[in-house]
Amino acid sequence: MKRRTFTTSAVLGTAGILTGGLPAIAQQEKFGSKELIAAAEKEGGLTYYTANFAETEQEVIKEFNKTFPKIKVAMVRAPGGQLITRIKTEAAAGKLGADVVNHSDRGLMLALVDLFQDYAPPNAADYRPDALVSPKLWPGVTLGWAIAYNTQLVKNAPKTWMDLTKSEYKGKQIGQVVGPSGGTTWTRSMFERQVLGEDYWQKQAALGIALYPSGAPLSDALVRGEVSIAPLLYNIIYTKIVEGAPAEAIFAPEGVPIIPYADGVTKAAKSPNAAKLFMNWRLSKEGQAFQIAKLGNITSLKEPPAFPKGWDPKVIKVWVPEYKQFESLREAWLEQWNKIYGYRQ
Numbered sequence: 008m009k010r011r012t013f014t015t016s017a018v019l020g021t022a023g024i025l026t027g028g029l030p031a032i033a034q035q036e037k038f039g040s041k042e043l044i045a046a047a048e049k050e051g052g053l054t055y056y057t058a059n060f061a062e063t064e065q066e067v068i069k070e071f072n073k074t075f076p077k078i079k080v081a082m083v084r085a086p087g088g089q090l091i092t093r094i095k096t097e098a099a100a101g102k103l104g105a106d107v108v109n110h111s112d113r114g115l116m117l118a119l120v121d122l123f124q125d126y127a128p129p130n131a132a133d134y135r136p137d138a139l140v141s142p143k144l145w146p147g148v149t150l151g152w153a154i155a156y157n158t159q160l161v162k163n164a165p166k167t168w169m170d171l172t173k174s175e176y177k178g179k180q181i182g183q184v185v186g187p188s189g190g191t192t193w194t195r196s197m198f199e200r201q202v203l204g205e206d207y208w209q210k211q212a213a214l215g216i217a218l219y220p221s222g223a224p225l226s227d228a229l230v231r232g233e234v235s236i237a238p239l240l241y242n243i244i245y246t247k248i249v250e251g252a253p254a255e256a257i258f259a260p261e262g263v264p265i266i267p268y269a270d271g272v273t274k275a276a277k278s279p280n281a282a283k284l285f286m287n288w289r290l291s292k293e294g295q296a297f298q299i300a301k302l303g304n305i306t307s308l309k310e311p312p313a314f315p316k317g318w319d320p321k322v323i324k325v326w327v328p329e330y331k332q333f334e335s336l337r338e339a340w341l342e343q344w345n346k347i348y349g350y351r352q
């Protein structure tokens, strides 16, 4: 992902509506007790490990510091697999440096669950149970799949997932991130097969699909017009739309596959109070509303505090993969995906 300039026009104002008008102290106490806030401010900061885009997380930290300016967040960013390796290595040496870990792969985080302490946000009951793989790990970030298209090239824009099997889109008009790219693309692939039908992959592959290794180069290709349509994580295309790129995105009525992250406070945390306060803020309605409005995220809250553009809650429903199937079906189904789409790893 290239460095983004997140403009004020991207903010829908929801986060401000939820906190606006409250005195500073009252705003702070929405996210924790006076005792927790005092202890967190005494610690003065926390160390935050993340596999998410650095630019995205810098925006989150900046927004957190508007309410809690005395708590500095030192961010360590690494790709998913590298971050897990670092955590394992540091933990084995008794030198885990993270207070909070943010990761997109719930399976990898569940395997490390013994490194995390008991934690639940004040609004724990407001979260979807199927978004959690452990009571210690929480979806501070939730991403969702949309269908994006180039507005200069597509005259008859797709309106459903099934539209992406229409013959009018054949000949590499559609770009697709390869199924084995990671947990996010496996979520999309699993949704396609379980919800859209066992023959969906065959129907789509028959059109001649342009394959890409990840969402960032695919979104760039869409904007340049190398492909005209692409399933993409909404947050990836959202910033381009905000910046004026010739693109639009829709949420399809068959369902929006979502990817809940797994975030936790480590047992080794040197600043446990600051860590919990940061998690409380991010998981709050205010924190989630900010991420929806500014970053193009979705949410795992049962009652979303805001909706992305074009999201009609009466029509659009989220789809969360059943976790045991998510793990057990992955290898065999992705092997089939590779054969059907002609992809060699």
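Numbering (this note's numbering) for the sequence shown: 8 to 352.
We put the CB at the ideal spot given by N, CA and C, even for glycine.
With DSSP as the reference, label residue i as helix, strand or coil.
i	result
Ile347	helix
Gln183	strand
Tyr268	coil
Gly222	helix
Tyr134	strand
Tyr156	strand
Thr306	coil
Ile299	helix
Ser278	coil
Asn109	strand
Val161	coil
Ser291	coil
Thr167	coil
Trp326	strand
Leu144	strand
Leu150	strand
Glu334	helix
Straight-line CA distance for residue i to residue j?
i	j	result
Thr12	Lys143	Bear in mind that a pLDDT of 41 at Thr12, under 50, signals an unreliable position, so the model cannot answer this.
Met116	Ser141	9 Å
Ala100	Thr74	35 Å
Ala127	Val108	15 Å
Pro260	Ser174	21 Å
Asp170	Ala131	38 Å
Pro86	Ser188	13 Å
Val272	Gly104	11 Å
Ile248	Thr96	40 Å
Gly23	Pro224	Any reading at Gly23 is ruled out, since the residue's pLDDT is 44, under 50, leaving its predicted position unreliable.
Arg93	Phe123	15 Å
Ile305	Ala269	14 Å
Phe60	Gly204	33 Å
Arg195	Ala296	24 Å
Ala118	Ser111	13 Å
Tyr134	Ser291	10 Å
Thr57	Arg231	30 Å
Apart from the five residues just before and just after residue i, which ones in its own chain have a Cβ nearer than 6 Å to its Cβ?
i	result
Val185	Leu218, Tyr350
Pro267	Ala138, Pro146, Thr149, Ser307
Glu199	Tyr207
Ile4	The structure shown does not extend to residue 4, since the chain spans only 8 to 352, so no value can be given for it.
Glu48	Lys77
Tyr245	Gly303
In chain order, what residues of the same chain lie with their CB nearer than 8 Å to the CB of residue i, ignoring the 5 residues before and after it?
i	result
Gln65	Met82
Asp125	Pro142, Lys143
If we cut at 8 Å on Cβ distances, does residue i have a partner in chain D?
i	result
Pro320	Although the question refers to chain D, the structure presented lacks it and comprises just one protein chain.
Kindly list the residues whose CB is nearer than 7 Å to the CB of residue i, restricted to its own chain and excluding five residues on each side of it in sequence; keep chain order.
i	result
Pro220	Val185, Ser188
**Request:** Check whether the segment 46 to 59 touches the segment 77 to 89, taking contact to mean three or more Cβ pairs, one atom from each stretch, closer than 8 Å.
**Result:** A contact exists between the segment 46 to 59 and the segment 77 to 89.
- Segments assigned alpha helix (DSSP H), at least 4 residues, entirely inside the segment 29 to 75: Within the segment 29 to 75, the complete alpha helix (DSSP H) runs of at least 4 residues are 31 to 35, 41 to 50, 61 to 74.
Hey, is the segment 154 to 168 in contact with the segment 232 to 239, meaning 3+ C-beta pairs nearer than 8 Å?
Taking 8 Å as the limit for Cβ pairs, the verdict is that the segment 232 to 239 does touch the segment 154 to 168.
Check your understanding: Given 8 Å as the limit, is there contact between the segment 40 to 48 and the segment 266 to 284, that is, 3 or more CB pairs closer than that?
Key -> The count of Cβ pairs closer than 8 Å, one atom from the segment 40 to 48 and one from the segment 266 to 284, reaches three, so the stretches are in contact.
ask   = Is it true that the segment 173 to 180 meets the segment 208 to 227, where meeting means three or more beta-carbon pairs spaced less than 8 Å apart?
value = Yes: at least three Cβ pairs fall under 8 Å.
At 4 residues or longer, what runs of the alpha helix (DSSP H) sit wholly inside the segment 78 to 123? Entirely contained in the segment 78 to 123, the alpha helix (DSSP H) runs reaching 4 residues are, in chain order, 87 to 99, 113 to 117.
query = Would the segment 309 to 320 and the segment 292 to 301 be scored as touching if the rule is three or more Cβ pairs under 8 Å?
reply = The answer is yes - the segment 292 to 301 touches the segment 309 to 320, with three or more Cβ pairs under 8 Å.
**Report entry** Every unbroken beta strand (DSSP E) inside the segment 186 to 260 [3 residues or more]
**Finding:** Runs found: 217 to 219, 236 to 240, 254 to 257.
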